[in-house]
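Novice:
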Amino acid sequence: MSTVSSSLSPEAPRWPAALRSACDAAARAAIGPLAGFALFLLAWQVIATSIPEIPTPGATWLAARELFADPFYDNGPNDKGIGWNVLASLQRVAVGFGLAALVGIPVGFIMGRYAMVSAMFSPIVSLLRPVSPLAWLPLGLLLFKAADPAAIWAIFICSIWPMVMNTAAGVARVPRDYLNVARVLNLSEWQVITRVLLPAVLPYMLTGVRLSIGTAWLVIVAAEMLTGGTGIGFWLWDEWNNLKVEHIVIAIFVIGLVGLGLEIVLLRLARRFAYAEE
Amino acid sequence: MQKFVRIENVGQTFDTPRGPFVALRDIDLTVAQGEFISLIGHSGCGKSTLLNLVAGLTRPSSGVLLLAEREITGPGPDRGVVFQNHSLLPWLTCFQNVYLAVQRVFGARESKAQLAERTHAALALVGLAHAQARLPREISGGMKQRVGIARALAIEPKVLLMDEPFGALDALTRAHLQDELLKIVAATRSTAIMVTHDVDEAVLLSDRIVMLTNGPAATIGQILPVPLPRPRDRVALSSRPEYLECRAAAVDFLHRLHGNPDKKPAQAQEQ
């Protein structure tokens, strides 16, 4: 609020009207979501009162306040604050996801550029893409003999397919006109890639990245339930074993919020780099 | 007459799933240095195919094309191409679009300041010095096409090749750009080959109009000289008898001798 009023202060005589209309707009935009959440809480309350094992919204809120009062405590390997667990999961996603981008984007590029390579690898990608990334987890455990790299491996596997497919589709869909321009100007292969292909493909690549991060965040929770150690997925499962149902509900909300945040960040990024034709 | 561009006995056949398709046959044409040639004909007569052959984007099935006594084997910076739909790279500003071409041709010999100066001069030539920092989506269709012309001219090509450069523009913008092109071609003494389907545009701009018969297997039907003095002025020209004669001859060729192929599709397909 203070920033709004200070930025408008040069036009002091008019700002109350501008502020009021901004408040009106915000209120109108907020009314739908607020009503939705109110209904949601009501339904939750009704269910929780009829089924005693389910915590009520109020009980969950109290548990959450306690939990978030100290999210970064560390009492040894199996008892860490929820903040540490979320960070551990995010770190795994970042590593697996980064490796997938490092491999998947160049592979997609080559597949899109050379029909022969595409003919070779497209069937393999089509075959492996529908497989749940968790099916790859035992192979990861076998290969790396540790839980942490195996979880990263699962993230890598699930992230790589959308990146490969979208990058390849983007390269194949670069308008002919742009390639003709490149030919007529006699651009070097390096210039074709940096000045024509990369900018043309970037929006497709970022779509792939956005799809990947969504799946990666889904998968890490499940993978951590299986591998244990740290991470929000492990924490959720651990609280189930401790029968702290409030904490499970809290974990669900935290996972949702973090996923939403990742999605928003990448959408912003995609919009920043998308070029508009007209 | 100095033969600058030579097209000798060129034919173009495309392989299609339904067998070979003869697009062009027996094309013989020479273009002198500084000459402005229009290729005119109905849709599908292969005018763009012929221009692409000169551009080097495609290779002929038979015959040979030469530019300044050297065979055309692929695209090269000795030919500047203006595409029908401007084909500016949307992520580069007008300046960067032109600079990309300039850098490729002169980058090895000249400093960055000289390259920027060339780019600036090319944009100034088409009257767009003020718009150089803008992205293609921020300027009008006519301005985009002018940037396309600037990009083609900036590399100082031996021949300027234009594929219906004003086809996508409204009539007033088109007339305005035709006048600009007249001035630019006069100032740079460019040799130019332009594909068009607009008779008035062809007469206004050209020294000779090359009229193609209908496809498939199109060839040159007639070459019409346009003996109008330069500099040409659209308004003064429109009442001159030579202008009207040229116009009438072109219309006669296109609509009486080689009528619109769409009106008799059965015959065209049998050929």
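Residue numbers (the working numbering), protein chains in the order written: chain A, 1 to 278; chain B, 1001 to 1271.
Where a beta carbon is used, it is the ideal one built from N, C-alpha and C, also for glycine.
Less than 8 Å between the beta carbons of tryptophan 61(A) and phenylalanine 72(A), yes or no?
Specialist: Going by C-beta atoms, tryptophan 61(A) is not nearer than 8 Å to phenylalanine 72(A).
Novice: For the beta strand (DSSP E) that asparagine 1009(B) lies in, which residues bound it at each end?
Specialist: Looking at the DSSP string, the run of the beta strand (DSSP E) that includes asparagine 1009(B) is 1005-1016.
Novice: Quick check on DSSP: helix, strand or coil for proline 16(A)?
Specialist: Here proline 16(A) sits in helix by DSSP.
Novice: Keeping to the same chain, check which residues put their C-beta closer than 6 Å to that of asparagine 1052(B); ignore five residues upstream and five downstream.
Specialist: Thr1058, listed in sequence order.
Novice: Less than 8 Å between CB atoms is the rule here; does tyrosine 178(A) satisfy it with respect to chain B?
Specialist: With 8 Å as the cut-off, tyrosine 178(A) counts as an interface residue toward chain B.
Novice: Between the beta-carbon of valine 103(A) and the beta-carbon of isoleucine 110(A), is there less than 8 Å?
Specialist: Cβ atoms of valine 103(A) and isoleucine 110(A): not closer than 8 Å.
Novice: Are alanine 43(A) and isoleucine 250(A) touching if we call contact CB-CB under 8 Å?
Specialist: Contact flag unset, no.
Novice: For phenylalanine 1021(B), which residues does DSSP report across the bridge?
Specialist: Phenylalanine 1021(B) is bridged to Phe1014(B).
Novice: Please go through the stretch 1049-1123 of chain B and give each complete alpha helix (DSSP H) segment of 4 or more residues, from N-terminal end onward.
Specialist: 1094-1106, all fully within the stretch 1049-1123 of chain B.
Novice: Who pairs with methionine 116(A) in a beta bridge, going by DSSP?
Specialist: According to DSSP, methionine 116(A) bridges with nothing at all.
Novice: Residues of chain A with a CB under 9 Å from the CB of alanine 1250(B): which are they?
Specialist: Within chain A, no residue comes near alanine 1250(B); the closest Cβ sits about 29 Å away, beyond 9 Å.
Novice: Tell me which residue opens and which closes the alpha helix (DSSP H) that proline 1241(B) is part of.
Specialist: Note, proline 1241(B): alpha helix (DSSP H), 1241-1252.
Novice: Does DSSP put proline 71(A) in a helix, in a strand, or in coil?
Specialist: Coil.
Novice: Can we say the stretch 1166-1185 of chain B touches the stretch 1003-1011 of chain B, given the rule of at least three CB pairs closer than 8 Å?
Specialist: The answer is no - the stretch 1003-1011 of chain B does not touch the stretch 1166-1185 of chain B, with fewer than three Cβ pairs under 8 Å.
Novice: Span of the beta strand (DSSP E) holding leucine 1224(B)?
Specialist: Element bounds for leucine 1224(B): 1220-1225.
Novice: May I have the straight-line CA-CA distance separating leucine 202(A) from glycine 208(A), to the nearest angstrom?
Specialist: Those two C-alpha atoms are separated by around 10 Å.
Novice: Give the DSSP-derived three-state secondary structure of lysine 1144(B) in the structure shown.
Specialist: Residue state, collapsed to three classes: helix.
Novice: Could you list which residues in chain A have their beta carbon closer than 9 Å to that of proline 1077(B), in chain order?
Specialist: What proline 1077(B) touches in chain A: Val184, Leu185, Asn186.
Novice: How would you list, in chain order, the residues of chain A whose beta-carbon sits under 9 Å from the beta-carbon of phenylalanine 1083(B)?
Specialist: What phenylalanine 1083(B) touches in chain A: Asp177, Asn180, Val181, Val184.
Novice: Should the stretch 88-95 of chain A be regarded as contacting the stretch 140-159 of chain A, the criterion being three or more beta carbon pairs within less than 8 Å?
Specialist: Short answer: they touch.
Novice: For chain B, find out if any of its Cβ atoms is closer than 8 Å to the Cβ of arginine 271(A); answer yes or no.
Specialist: Not an interface residue.
Novice: Taking only beta carbons into account, state which residues of the stretch 198-220 of chain A come closer than 7 Å to chain B, listed in chain order.
Specialist: Those residues of the stretch 198-220 of chain A that come within reach of chain B (Cβ to Cβ, closer than 7 Å) are Pro199.
Novice: Are the beta-carbon atoms of leucine 1100(B) and valine 1010(B) separated by less than 8 Å?
Specialist: No, these two residues do not count as a Cβ contact at 8 Å.
Novice: Arginine 195(A) touches chain B at which residues, Cβ-Cβ below 8 Å?
Specialist: Within chain B, the residues near arginine 195(A) are Leu1089, Leu1092, Leu1100.
Novice: Using only the alpha-carbon positions, how far apart do serine 82(A) and leucine 236(A) sit?
Specialist: As written in the sequence, residue 82(A) is isoleucine, which differs from the serine given in the question. Straight-line Cα distance between these residues: approximately 10 Å.
Novice: Any Cβ of chain A within less than 8 Å of the Cβ of arginine 1109(B)?
Specialist: Taking Cβ atoms only, chain A never reaches closer than 8 Å to arginine 1109(B), which makes this a no.
Novice: Please report whether the beta-carbon of leucine 1039(B) lies at a distance below 8 Å from any beta-carbon of chain A.
Specialist: Judged by the 8 Å Cβ criterion, leucine 1039(B) is not in contact with chain A.
Novice: Alanine 1192(B) bridges to which residues according to DSSP?
Specialist: Paired residues: Phe1036(B), Leu1160(B).
Novice: Taking the C-alpha atoms as reference points, what is the distance between serine 122(A) and phenylalanine 97(A)?
Specialist: If you take the alpha carbons of serine 122(A) and phenylalanine 97(A), they lie about 21 Å apart.
Novice: Take the Cβ of glutamate 1035(B) as the centre, count every other Cβ of all protein chains shown within 10 Å, and call the residue buried at 16 or more, exposed below.
Specialist: Answer is buried; the Cβ neighbour count reaches 16.
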